[in-house]
Structures are given as structure tokens and as C-alpha cells.
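Right, one structure below, let's go through it.
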Amino acid sequence: MPELPEVETTRRGILPYIDQQTVVEIIVRQPKLRWLVPDEIHDMEGEIVQSVTRRGKYILLETSKGTVLIHLGMSGSLRILDVGTEPEKHDHVDIVFANKKLIRLCDPRRFGAVLWTTKNPLKHKLIRSLGPEPLGEDFNVDYLFQFSRGRKVSIKQFIMNGHVVVGVGNIYACESLFKAGISPKALAGKVSKARYKKLVIIIKEVLAAAIEQGGTTLKDFVRATGKPGYFQQQLNVYGRAGEQCSVCDATVKQIKQGQRSTFYCGKCQR
DNA sequence: AAAGACACCTGTCCGC
DNA sequence: TGCGGACAGGTGTCTT
Numbered sequence: 080m081p082e083l084p085e086v087e088t089t090r091r092g093i094l095p096y097i098d099q100q101t102v103v104e105i106i107v108r109q110p111k112l113r114w115l116v117p118d119e120i121h122d123m124e125g126e127i128v129q130s131v132t133r134r135g136k137y138i139l140l141e142t143s144k145g146t147v148l149i150h151l152g153m154s155g156s157l158r159i160l161d162v163g164t165e166p167e168k169h170d171h172v173d174i175v176f177a178n179k180k181l182i183r184l185c186d187p188r189r190f191g192a193v194l195w196t197t198k199n200p201l202k203h204k205l206i207r208s209l210g211p212e213p214l215g216e217d218f219n220v221d222y223l224f225q226f227s228r229g230r231k232v233s234i235k236q237f238i239m240n241g242h243v244v245v246g247v248g249n250i251y252a253c254e255s256l257f258k259a260g261i262s263p264k265a266l267a268g269k270v271s272k273a274r275y276k277k278l279v280i281i282i283k284e285v286l287a288a289a290i291e292q293g294g295t296t297l298k299d300f301v302r303a304t305g306k307p308g309y310f311q312q313q314l315n316v317y318g319r320a321g322e323q324c325s326v327c328d329a330t331v332k333q334i335k336q337g338q339r340s341t342f343y344c345g346k347c348q349r
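Residue numbers (my numbering): 80 to 349.
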């Protein structure tokens, strides 16, 4: 489900309810997520949430004792609810606050994670080797072009690699390459600097626009408030195999790259 | 170091 | 209606 826009939408959704709030209780109904939810997570109880930030697709809740790292995996969502709201089947973790609100992690496939670190979270094993934020200045044409030299993977797999740049998942990789007119099959190491320049600009535009729209709701993504996102209305190729391209008369194609579906227009993208 | 396959898990949809 | 298989928004780990 969540790529960067959905995670950022979620972060913004929960922020006003939990920032500077005291954690009263953490309820773990199902500890078996991608990694076991550690018992030390309860050290957060009684602590005040000092910041609600995001690094890549991780949401970080910082307290003076440590930081919770939350990842939504493929099917996770976080919602703000009132204390007393009955949990449903896949509601695995609640973080309950003194203001009678709670954030609830629902994750049917359990590829998500809830982790705890007492150190600088940016130095956590899963965070420290991540690539730059796509909306930051460190993600620019010089960086991407340099990093791509010698790479033999397709450009689509390259930009989806979190060690290259974070937050560009399957939907936005497909959409960005379509808008940039670049074939997803082009080899990363062979793409020109001029084309990378355009791609960088477009990735930033696409992600920023998706955040503004509250993310993409394909089947079940909901924002923290329970509302869906609206960016799916602007998808040009993702999920549109067999349909006519929105720009030309060709048909949108679907292929597999690195075990993931890729959607593209063979005429607009070369 | 880089690339590819595989793993984790549940729900849904499609063809027979 | 049932069943098998493919597929789904991610990414760490293991093998080449």
C-alpha cells in the first residue's frame, strides 16, 4: 500500500493528535509482524512524544527514552481513533495517549514493522543505509547520474531501490518514468544525464502532487482520519494494462521486472 | 559490490 | 460453488 506519499499523508494525519502527548499504554495483540515487536516497546509508556517524523517509509515517534519506528509494509495503515473503539481482525498494535486518542496499526499481510531503538534512530540498521529523501536537495541530477554509472539494472528497478532514493515504490516509479518518457527497461547505467535531470524533476513533482492529494487509494488505503487518498485519479499507466495511453493511441503494456509489475507505454517511453 | 531469487502473510480475483 | 493459482502499494537476506 504505502509509498512515500501515503506514509507522509499518514504522518501528517496523526501528528496533531499525538505530538507532545503522553503515551499511556501500548497494546500489542499480534507481535508477529515482519519482525517481532520487541517487549522494550513498553518503555515508551509514560513518555511524551517529542516529535513525529519520517525517514523514507518509516514513521518515527521520538521520546526521551527512545524512538518507535513504524513501517507500513505492503498493506499497513495507521489510524487515529478514540479510546474504546473495538479492534478488528488485523488491528495488531495500539499506542494509547493521555488525550484518549490512540493510533492503531492495521496490517493484514503483516509485512509492516514496529521497532524500538534507544539510540539515534537515523543510525538504526534499517535506516542508516537508506538513500536520500526524494523531496530533499540531496536528491538531484548529479547524485543520481553518478550513482547510476556502471549499473546494469533497469532504471525502474534502480529508482525503486531504497538505497538509491527512498520512497519511490511501484506506482510512482511507473508514473514518473511515464511522465519522463523513459522506458522502464532502459539500463540505469546507460541513461543520459539530460534524461536523469528530467526524471529527478518529475519524481519530485509526482510525489509532491500525490502528497497534496492525500496519497493513492487503490483498494484499501485510508488516511489517519479514515478518508481515502485521491491521487489514483491521476494515474496514467499504473493498473491500466490494456487501456489506451492517455497521451497517444498506443495500449498500456504490463511486464515483470524484478518480480514486480511494470506498466508503461511503449510509444511514449523510449 | 551488484544483481537476482526468495522469503515473509493474507485477501481477492480469475479461469476452469 | 469450489479450487488452484496468480497477484497485490515493500524490502531484508541469501545466493550467485
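Quick reminder that beta carbons are idealized off the backbone N, C-alpha and C, glycines included.
Here the structure is a predicted model, which is why all the values come from computation and not from measurement.
C-alpha distance - residue i paired with residue j, whole-angstrom precision
{"i": "G101", "j": "L83", "result": "The sequence shown places Thr at residue 101, rather than the Gly named in the question. For T101 and L83, the distance between alpha carbons rounds to 27 Å."}
{"i": "A320", "j": "F218", "result": "30 Å"}
{"i": "K204", "j": "S233", "result": "27 Å"}
{"i": "Q225", "j": "G215", "result": "17 Å"}
{"i": "I238", "j": "P211", "result": "11 Å"}
{"i": "S208", "j": "K136", "result": "13 Å"}
{"i": "T341", "j": "S271", "result": "21 Å"}
{"i": "V193", "j": "K269", "result": "39 Å"}
{"i": "T142", "j": "F176", "result": "13 Å"}
{"i": "V147", "j": "E104", "result": "14 Å"}
{"i": "V116", "j": "P110", "result": "5 Å"}
{"i": "R228", "j": "Y317", "result": "28 Å"}
Other residues of its chain near residue i: CB distance less than 7 Å, five sequence neighbours each side excluded
{"i": "D161", "result": "K179 and K180"}
{"i": "K264", "result": "S233"}
Beta-carbon proximity check, residue i vs residue j, cutoff 9 Å
{"i": "L223", "j": "V247", "result": "no"}
{"i": "S325", "j": "I282", "result": "no"}
{"i": "V245", "j": "S156", "result": "no"}
{"i": "P200", "j": "R133", "result": "no"}
{"i": "Q336", "j": "Q236", "result": "yes"}
Supposed close pair residue i, residue j - CB separation, criterion 8 Å
{"i": "L266", "j": "R189", "result": "Wrong, their Cβ atoms sit about 35 Å apart, outside the cutoff."}
{"i": "R158", "j": "I182", "result": "7 Å"}
{"i": "V128", "j": "I106", "result": "Not confirmed; about 16 Å, so no contact."}
Other residues of its chain near residue i: CB distance less than 8 Å, five sequence neighbours each side excluded
{"i": "A329", "result": "Q323, C344, G345, K346 and C347"}
{"i": "L314", "result": "I250, E254 and T295"}
Residues sharing a beta bridge with residue i, DSSP
{"i": "D173", "result": "I106 and R183"}
{"i": "Y343", "result": "K332"}
{"i": "V285", "result": "V285 is not bridged to any residue."}
{"i": "F158", "result": "In the sequence under discussion, the amino acid at residue 158 is Arg, which differs from the Phe named in the question. Bridge partners of R158: R183."}
Residue i: CB within 8 Å of a non-hydrogen atom of the ligand ZN
{"i": "I138", "result": "The ligand ZN is not part of this structure, which contains no ligands at all."}
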